[in-house]
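Residue numbers (the working numbering): 142 to 437.
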């Protein structure tokens, strides 16, 4: 088996790394906060103290980091992957970042003989734990074939979109839909309640028809139970939408609905609600409607 490195052990990354370890791959891990490293080391992983140290020991190194500057720093900065790079290394970034950053990282690593894949994921913390993530891949086919057995340990669906940056474009498209669904769900729940219908019964009625989607299948039950904890943090949704709008400006693409949804999630962050689940965007709708979703 190839030896794998994993850098970035947050809500998603730690579960992904654990599934790689459970699949039998030798694993080297690094994270800025050391508690997650110690946890995985107790399960059989090898602890490292820098991205360069990880890269020097493995055949394939994965990252799952918050934003574009983090990926650029970990991949290309001091003590970064590039400083431990060796010919034949495969770099896989599971973060959600700007397509332009993914292309830059791929170009710079290629100078060291490293093949790079941008491979963002969708499926949230549940998908990460269960190993059922959807993986959208940009980069060379030969690198994908090396990485595929590792991807099969963390995901259920792997789709090669195209060249460098294409995986990030697909993830941006995914986040356009996710944000729209979360905002629409918040609106329909508050609409139903304030207009005089039981929102739980409304959800039961509509989720088996044309409105059916993952969001209506999973999120209302959590909201009715008073659970607005992540999942996928609203501040990360806001970050993704900002990336989408910046990329849209680059290519002169009008995204009027996404622009409005971006404002809703940025309002959450401004109000200190950014660490709640992205479904908690309903709180902004509640404030505007001056009504609280009935729980229970």
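Think of the CB as a built atom: it goes at the ideal place given N, C-alpha and C, for glycine as much as any other residue.
From a predicted model like this one, the values you see are computed outputs, not experimental measurements.
(1) Here's the rule I'm using: 16 or more other beta-carbon atoms within 10 Å means buried, otherwise exposed. How should residue 174 be labelled?
(2) Around the Cβ of residue 395, are there at least 16 other Cβ atoms within 10 angstroms (buried) or fewer (exposed)?
(3) Buried or exposed, going by whether 16 or more other CB atoms sit within 10 Å of the CB of residue 381?
(4) Should the stretch 208-216 be regarded as contacting the stretch 270-284, the criterion being three or more beta carbon pairs within less than 8 Å?
(5) For the beta strand (DSSP E) that residue 277 lies in, which residues bound it at each end?
(6) CB-CB under 7 Å to residue 196, same chain, minus the five flanking residues each way: which ones, in chain order?
(7) Do residue 298 and residue 261 have their CB atoms nearer than 8 Å?
(8) Fully enclosed by the stretch 161-226, which alpha helix (DSSP H) runs are 4 residues long or longer?
(9) If you check the beta carbons only, do residue 162 and residue 150 fall under 8 Å apart?
(10) Identify which residue in 390, 148 and 152 has its Cα closest to the Cα of residue 192.
(11) Using DSSP's beta-bridge definition, name the partner residues of residue 259.
(12) In three-state DSSP terms, what is residue 358?
(13) Please name the residue in 308, 318, 309 and 432 whose C-alpha comes closest to that of residue 336.
(14) Taking residue 241 as the reference, which of 387, 416, 357 and 266 has the closest Cα?
(15) Under three-state DSSP, which class holds residue 296?
(16) Between the alpha carbons of residue 157 and residue 171, how many angstroms are there, rounded?
(17) Can you pull the DSSP bridge partners for residue 147?
(18) So, at 6 Å on beta carbons, what are the nonlocal neighbours of residue 269 in its own chain, with the 5 sequence-adjacent residues on each side left out?
Taking the structure as given:
(1) The residue you call residue 174 lines up with position 33 of the chain shown. Residue 174 should be labelled exposed.
(2) Against the chain shown, residue 395 aligns to sequence position 254. Exposed.
(3) Stepping through the chain shown from its first residue, residue 381 is reached at position 240. The residue in question, residue 381, is buried, as its Cβ has 16 or more Cβ neighbours within 10 Å.
(4) Remark: fewer than three beta-carbon pairs, one from each stretch, lie closer than 8 Å, so the stretch 208-216 and the stretch 270-284 are not flagged as touching.
(5) Start at 1 with the first residue of the chain shown, and residue 277 comes out as number 136. That run of the beta strand (DSSP E) goes 274-279.
(6) Numbered from 1 along the chain shown, position 55 holds the residue referred to as residue 196. For residue 196, where only same-chain residues beyond five positions count, the Cβ hits under 7 Å are 146, 202, 222, 225, 226 and 230.
(7) Locating residue 298 in the chain shown gives position 157, counting from the first residue. Locating residue 261 in the chain shown gives position 120, counting from the first residue. The Cβ atoms of residue 298 and residue 261 do not sit closer than 8 Å to each other.
(8) Within the stretch 161-226, the complete alpha helix (DSSP H) segments at least 4 residues long are 175-182, 192-198 and 209-217, listed from N- to C-terminus.
(9) Locating residue 162 in the chain shown gives position 21, counting from the first residue. Locating residue 150 in the chain shown gives position 9, counting from the first residue. In this structure, the beta-carbon distance from residue 162 to residue 150 does not fall below 8 Å.
(10) Taking the chain shown and counting its residues from 1, one reaches residue 192 at position 51. Ranking the options by Cα distance to residue 192, first place goes to 148.
(11) As a first step, residue 259 is located in the chain shown; it is residue number 118 there, counting from the start. According to DSSP, residue 259 bridges with 234 and 279.
(12) Along the chain shown, one-based indexing puts residue 358 at 217. Three-state result, residue 358: helix.
(13) Working through the chain shown from its first residue, we reach residue 336 at position 195. The residue with the shortest Cα to Cα distance from residue 336 is 432.
(14) Position 100 of the chain shown holds residue 241. For the residues 387, 416, 357 and 266, the minimum Cα distance to residue 241 belongs to 387.
(15) Numbered from its first residue, the chain shown carries residue 296 at position 155. Three-state result, residue 296: strand.
(16) Counting from 1 along the chain shown, the entry for residue 157 is found at position 16. Counting from 1 along the chain shown, the entry for residue 171 is found at position 30. Rounded to whole angstroms, the gap between the alpha carbons of residue 157 and residue 171 is 13 Å.
(17) Along the chain shown, one-based indexing puts residue 147 at 6. Residue pairing from DSSP places residue 147 in a beta bridge opposite 170 and 203.
(18) Numbered from 1 along the chain shown, position 128 holds the residue referred to as residue 269. If you ignore the 5 residues before and after residue 269, its C-beta comes within less than 6 Å of the C-beta of 153, 156 and 157, all in its own chain and listed in chain order.
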